[in-house]
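So the structure is just underneath, and the comments pick up after that.
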Amino acid sequence: MESVLTDWQALLEAEKTLDTGVYTKHDLLLVRGQGARVWDAEGNEYIDCVGGYGVANLGHGNPEVVEAVKRQAETLMVTPQTLPTPMRGEFYRTLVSLLPAELNRVFPVNSGTEANEAALKFARAHTGRKKFVAAKRGFSGRTLGSLSVTWEPKYREPFIPLIEPVAFIPYNDVEALKEAVDEETAAVILEPVQGEGGVRPATREFLEAAREITWRKGALLILDEIQTGMGRTGRRFAFEHYGIVPDILTLAKALGGGVPIGAAVMRKEVAESMPKGGHGTTFGGNPLAMAAGVAALRYLERTRLWERAAELGPWFMERLREIPSPKIREVRGLGLMVGLELKEKSAPYIQRLEREHRVLTLQAGPTVIRFLPPLVIEKEDLKRVVEAVRAVLTE
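Be aware that the sequence shown starts at 319, since it is given in my numbering, and climbs by one per residue.
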């Protein structure tokens, strides 16, 4: 056992020393996952409320996704989009069948930031305009285009100049939205629930206004559901809570059940505005990812995991609110996308949850503990999470 651990330790050290250093690395080396739990190289078990930053909605090692990937890997893994494949067609057909009829054209990519990059280009191509409107605290990605509509200065400032012009407005501020959107605006891009920005749900009034104002001004509405899609908020897609339909919907994270995938789904007339060859991707829409996506969508639909999120999320938030700690400012969220805001820095408590209680969580801004557990998580595990949070906040 000691020699095995030595090997694992060497691999952990290799990752830390040979990596670019962009990420702050944990000291545990994860080697296996099943459902809502993961195990490190020493055999320690953790309840996973990070979920790959919202990727593992269907649970780690989902057997149907695993089987689909195995089957496809033995058949055909890579083709360019100029060469159609049955699995790509099946993915398109499956995805659009779950969406409003207006959203019927798909551009497949490999990640969330790529989905948003595509959305920004399609918006400019369709409107002939340059300006974007985004929200303060919003997060759309770190590639240069997506970074341009991401508000956080620590991400933006080292890489200025970015795409301009972009107007940032306070989230949920209807009057500011009215003032910002004009005849030069190509699109408004918003998250139905801000994830990185502190787990802040949009108000119905705000998203309804965004839909009405963009229609009136001839701009597009892009909804970034990279994190909120695939059942996370208690509906298949978060926009369903608000009774609106965007012009472009961006998806990624859980869309492939753990396999890298993304998509920008849009109205036909928006898709037709892009000139031939105006955008592209080598790996986007590859048969392996498409097979995973089909399996993930079918599993979500059959199990209706969004109903589980709708049930467990409010219960979990209420239990967190009952914790008698003066350190808690607010508990908020939608479905099983939950943020616990403290009156002080959250990082020390996130570290204690991991080290003392083997519960993995993540930040959403400097004072928020964010919970993104797989939607298959059992209530007993959520009870253990509540007790762990209670312990670190009241001891």
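Quick reminder that beta carbons are idealized off the backbone N, C-alpha and C, glycines included.
- Task: Buried or exposed for G407, please, with buried defined as at least 16 other CB atoms from any protein chain shown within 10 angstroms of its CB.
- Result: Per the 10 Å Cβ criterion, exposed.
- Rounded straight-line distance, which links the Cα of N490 to that of L660: 21 Å
- By Cβ distance below 8 Å, which residues in the same chain neighbour P692 in space, the five residues on each side in sequence not counted? G353, A354, D366, G369, A374, N375, L376, G377 and H378
- In whole angstroms, what separates the C-alpha of I646 from that of E674? 20 Å
- Message: Quick check on the DSSP output: the alpha helix (DSSP H) that includes M655 runs from which residue to which?
- Response: Careful: M655 lies outside any alpha helix (DSSP H), inside the beta strand (DSSP E) at M655 to L660.
- Query: For K449 versus A485, is the C-beta spacing smaller than 8 Å?
  - Reply: yes
- Coil, strand or helix - T568 by DSSP: strand
- Query: Which same chain residues, not among the five before or five after A528, have their C-beta less than 7 Å away from its C-beta?
  - Reply: L495, V506, L508 and L539
- Beta-carbon separation (whole angstroms), R650 vs R518, contact threshold 8 Å: 7 Å
- Message: So A275 and A504 are supposed to be a Cβ contact under 8 Å. How far apart are they, rounded?
- Response: Here the chain comprises residues numbered 319 to 713, so residue 275 is not present and cannot be evaluated.
- Message: Which residue marks the beginning of the alpha helix (DSSP H) containing P605, and which one marks its end?
- Response: P605 to T621 is the span of the alpha helix (DSSP H), which, as asked, contains P605.
- Alpha carbon to alpha carbon, how far is E640 from F601? Give it in angstroms, no decimals. 47 Å
- Query: Does the distance from the C-beta atom of G653 to that of T551 stay below 8 Å?
  - Reply: yes
- Does the separation of the CB atoms of M584 and D565 fall below 8 Å? Contact flag set, yes.
- Task: Pick helix, strand or coil for M635, following the three-state DSSP scheme.
- Result: Residue state, collapsed to three classes: helix.
- Query: Does the pairing of the region 573-590 with the region 676-696 give three or more beta-carbon distances under 8 Å?
  - Reply: no
- Message: Bridge partners for T397 per DSSP, in chain order?
- Response: According to DSSP, which records beta bridges pairwise, T397 is partnered with nothing at all.
- Compute the beta-carbon to beta-carbon distance between G561 and G611, rounded to the nearest angstrom, for a pair I have assumed lies under 8 Å. With 8 Å as the limit, G561 and G611 do not qualify as a contact, their Cβ atoms being about 27 Å apart.
- Looking at A452 and W469, is the spacing between their C-beta atoms short of 8 Å? yes
- By DSSP, does W357 sit in helix, in strand, or in coil? Of the three classes helix, strand and coil, the one that applies to W357 here is strand, per DSSP.
- Task: Give me the Cα-Cα distance between V694 and L623, rounded to the nearest whole angstrom.
- Result: Their Cα atoms are separated by approximately 7 Å.
- Is N434 near S464, with beta carbons less than 8 Å apart? yes
- Find out if the Cβ-Cβ distance for the pair P605, T431 is shorter than 8 Å. no
- Query: The alpha helix (DSSP H) spanning A386 covers which residue range?
  - Reply: P381 to A391
- Go to R708, then tell me how far its beta strand (DSSP E) extends in each direction, as first and last residue. Segment K697 to T712 is the alpha helix (DSSP H) holding R708; no beta strand (DSSP E) there.
- Put A504 into one of helix, strand or coil per three-state DSSP. Correct three-state label for A504: strand.
- CB contact flag (M655, M405, <8 Å): Contact: no.
- Output yes if chain E places a C-beta closer than 8 Å to the C-beta of R350; else output no. Here chain E cannot be found, since the structure has a single protein chain.
- Item | Alpha-carbon spacing of Y667 relative to E625, whole angstroms | 30 Å
- Would you call the CB atoms of T599 and V427 closer than 8 Å? yes
- Query: Buried or exposed: where does I478 fall if 16 or more other Cβ atoms within 10 Å of its Cβ makes it buried?
  - Reply: exposed
- Message: At the level of alpha carbons, what is the spacing between E333 and R474?
- Response: 27 Å
- What did DSSP end up calling M731 once you bin it into helix, strand or coil? In the structure as shown, the chain starts at 319 and stops at 713, and residue 731 therefore has no counterpart that could be examined.
- Message: Let me check understanding here. Comparing Cα to Cα, which of L638, A665, S664 and L690 lies closest to R708?
- Response: L638
- Item | Cβ-based neighbour list, E482, same chain, cut-off 7 Å, excluding 5 preceding and 5 following | There are no such residues.
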